[in-house]
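Numbering (the numbering used here), first residue to last: 971 to 1548.
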């Protein structure tokens, strides 16, 4: 076995199998021994669908270098192993490469994944890149290496919910007449223009790679583009005055655009950023370069690239701070740009604008809520529309949920396998709940619809890692925890272990995610709803344990909302001083 493979393997000619697939297989015919294995095979290929991934020909899904598999040889080997995997076996994936297969039992996960994890003293980009260059590890991002990515549609509701809460806190409940300025239109950031317009606002988004702007326009996430900042601002002003939703992508470096706003004394209502600043070398582009010229600099002189990238980031942060001082509502959208400047430039003032989780999302985390998502393995959009009907039937009292589903049906194009995202939590005391969590109620209903033939093929349920109980990320999900436990990583490990015990079909643990190596530990899971009694038992368990860890994590930190949720929903907390 060759243990010295280079990352160049992922840039070699793509696998012939991938060329044939060009996305997930669909329909009801199986390549594997069962639907749980088949779901893994389809999810992996869905991650690498050209409609979904940023650079699928290099195995890159999103976020700079977030990969679905370590090399094309590893990709081929994973597919072969999944086809051979029995219903009582578990396949092990180590940083995108299959390394073992063992007999376990029917209810155990079919696939276990660990990506990018390093021991603390060595948990840094320098050591990671050394190993990556030798072909011994890969960056799994969050949903790339766990085979849960569904394109820009996967992040859209999280962005929508964040902006909706911002509007409730600062404005009259929506963003009508307000201008939001941001940067980054890649796989994650590309959701921002649509999330703004869905909240009735105006978005001006900088993106240095014009191809990304074009892609967001093609898929309906952004309305227009321009190379002229003055033109973009005039269009934005006009739309804001008319209180018309509008978005424009500006082909420019984000730092340059923000400095242009400062020079013009143009103060937006809201300013944020979702460039891939977590990765100084691969994710962020320095000012003064085209994409092609920056790519050459990266190859020829990576140290110079890092220096210039950090120089640009510092200007970027300074502009955000200045615009905040002049009256803009500012927040970081989880890309660690503040942490980069604090660490590499000694600028603690970088944290003078908050992260989006403590500012807008944490109360939902306390209730075990987060981005719950599902995919139709049949490939038939009608299966997703049937799940839309089911969720509205289950929760008729949730007006906000109904508005979201209707907006999603009208505004969001499917990418790859038809999918949907919805924020559901714990809450076992709702009408008709019968002690079941919101997520479990939904999953059991969908499993029944599959069993009854109302949905053509199984639905696989997973989630994003922007989650209540499966992440330790001091620059994002666990920033500014009430008890100071921002960096305690026991929680995502417990989440992964518990979801294995509950019977999730795929379970994964990663380092890094959207904030970079050494800055986060996070876990994910998948459950295949194939209409069987086994699937129902597993779903009920997983969709209790998974949001439940969010409740206990925040209750342990002293959040009253979480303690109340635990008491209302019967979550056992041994040291609760009730």
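We treat Cβ as the ideally placed atom computed from N, Cα and C, and that holds for glycine.
Burial state of residue i, where buried means 16 or more other Cβ atoms lie within 10 Å
{"i": "residue 1012", "result": "buried"}
{"i": "residue 973", "result": "With a pLDDT of 38 at residue 973, under the threshold of 50, the modelled position of this residue cannot be trusted; read the value that follows with caution. Flag for residue 973 reads exposed."}
{"i": "residue 1072", "result": "exposed"}
{"i": "residue 1524", "result": "buried"}
{"i": "residue 1113", "result": "buried"}
{"i": "residue 1261", "result": "exposed"}
{"i": "residue 1428", "result": "buried"}
{"i": "residue 1389", "result": "buried"}
{"i": "residue 1092", "result": "exposed"}
{"i": "residue 1494", "result": "buried"}
{"i": "residue 1248", "result": "buried"}
{"i": "residue 1239", "result": "buried"}
{"i": "residue 1019", "result": "buried"}
{"i": "residue 1274", "result": "exposed"}
{"i": "residue 1227", "result": "buried"}
{"i": "residue 1496", "result": "buried"}
{"i": "residue 1068", "result": "buried"}
{"i": "residue 1089", "result": "exposed"}
{"i": "residue 978", "result": "With a pLDDT of 47 at residue 978, under the threshold of 50, the modelled position of this residue cannot be trusted; read the value that follows with caution. Exposed."}
{"i": "residue 1244", "result": "buried"}
{"i": "residue 1407", "result": "buried"}
{"i": "residue 1396", "result": "buried"}
{"i": "residue 971", "result": "With a pLDDT of 37 at residue 971, under the threshold of 50, the modelled position of that residue is not reliable, and the figure given next carries that caveat. Exposed."}
{"i": "residue 1545", "result": "exposed"}
{"i": "residue 1148", "result": "buried"}
{"i": "residue 1208", "result": "exposed"}
{"i": "residue 1024", "result": "buried"}
{"i": "residue 1131", "result": "buried"}
N-terminal and C-terminal residue of the alpha helix (DSSP H) that residue i is part of
{"i": "residue 1425", "result": "Note, residue 1425: premise wrong, no alpha helix (DSSP H); not H, not E."}
{"i": "residue 1245", "result": "That residue, residue 1245, is in no alpha helix (DSSP H); it is neither H nor E in DSSP."}
{"i": "residue 1550", "result": "Any question about residue 1550 goes unanswered here, given that the chain covers just 971 to 1548."}
{"i": "residue 1127", "result": "1126–1140"}
{"i": "residue 1044", "result": "1042–1054"}
{"i": "residue 1098", "result": "1095–1103"}
Where the beta strand (DSSP E) containing residue i begins and where it ends
{"i": "residue 1152", "result": "1149–1153"}
{"i": "residue 1551", "result": "It is not possible to answer for residue 1551, since the shown part of the chain is limited to 971 through 1548."}
{"i": "residue 1070", "result": "1067–1073"}
{"i": "residue 1365", "result": "No beta strand (DSSP E) holds residue 1365; DSSP gives it neither H nor E."}
{"i": "residue 1287", "result": "Element bounds for residue 1287: not the beta strand (DSSP E) but the alpha helix (DSSP H), 1272–1295."}
{"i": "residue 1344", "result": "1340–1346"}
{"i": "residue 1515", "result": "Per DSSP, residue 1515 belongs to no beta strand (DSSP E); it is in the alpha helix (DSSP H), 1503–1526."}
{"i": "residue 1064", "result": "1059–1064"}
{"i": "residue 1470", "result": "Segment 1460–1472 is the alpha helix (DSSP H) holding residue 1470; no beta strand (DSSP E) there."}
Cβ-Cβ distance between residue i and residue j below 8 Å
{"i": "residue 1480", "j": "residue 1443", "result": "no"}
{"i": "residue 1293", "j": "residue 1231", "result": "yes"}
{"i": "residue 1499", "j": "residue 1431", "result": "yes"}
{"i": "residue 1060", "j": "residue 1109", "result": "no"}
{"i": "residue 1506", "j": "residue 1417", "result": "yes"}
{"i": "residue 1263", "j": "residue 1222", "result": "no"}
{"i": "residue 1391", "j": "residue 1162", "result": "no"}
{"i": "residue 1079", "j": "residue 1463", "result": "no"}
{"i": "residue 1188", "j": "residue 1218", "result": "no"}
{"i": "residue 1253", "j": "residue 1445", "result": "no"}
{"i": "residue 1224", "j": "residue 1154", "result": "yes"}
{"i": "residue 1420", "j": "residue 1486", "result": "no"}
{"i": "residue 1183", "j": "residue 1192", "result": "yes"}
{"i": "residue 1328", "j": "residue 1450", "result": "yes"}
{"i": "residue 1167", "j": "residue 1216", "result": "yes"}
{"i": "residue 1032", "j": "residue 1158", "result": "yes"}
Minimum C-alpha distance to residue i - residue among the options
{"i": "residue 1436", "options": "1386, 1454, 1517 and 1426", "result": "1517"}
{"i": "residue 1472", "options": "1053, 1338, 1357 and 1519", "result": "1519"}
{"i": "residue 1053", "options": "1129, 1004 and 1486", "result": "1004"}
{"i": "residue 1357", "options": "1009, 1448, 1423 and 1203", "result": "1423"}
{"i": "residue 1314", "options": "1250, 1291 and 1301", "result": "1250"}
{"i": "residue 1482", "options": "1502, 1504 and 1459", "result": "1459"}
{"i": "residue 1287", "options": "1296, 1278, 1277 and 1302", "result": "1302"}
{"i": "residue 1094", "options": "1490, 1420, 1295 and 1210", "result": "1490"}
{"i": "residue 1111", "options": "1285, 1045, 1342 and 1305", "result": "1305"}
{"i": "residue 1257", "options": "1270, 1179, 1190 and 1327", "result": "1179"}
{"i": "residue 1338", "options": "1058, 1478, 1522 and 1025", "result": "1522"}
{"i": "residue 990", "options": "1015, 1268, 1201 and 1199", "result": "1015"}
{"i": "residue 1285", "options": "1229, 1009, 986 and 1082", "result": "1229"}
is_contact[residue i, chain C] using C-beta, thresh 8 Å
{"i": "residue 1417", "result": "Given the protein chain composition of this structure (a single chain), no chain C is represented."}
Check your understanding: Does the stretch 1305–1322 come close enough to the stretch 1350–1364 to have 3 or more Cβ pairs within less than 8 Å?
Key -> no
Check your understanding: When the Cβ atoms of the stretch 1458–1472 are set against those of the stretch 1038–1054, are three or more pairs found closer than 8 Å?
Key -> Taking 8 Å as the limit for Cβ pairs, the verdict is that the stretch 1038–1054 does not touch the stretch 1458–1472.
Practice item. Inspect the CB distances between the stretch 1134–1147 and the stretch 1399–1414 and report whether three or more fall short of 8 Å. Key: Taking a cut-off of 8 Å on C-beta distances, the stretch 1134–1147 does not touch the stretch 1399–1414, as fewer than three cross pairs fall below it.
Check your understanding: Do the stretch 1376–1390 and the stretch 1116–1123 meet, that is, are 3 or more Cβ pairs less than 8 Å apart?
Key -> yes
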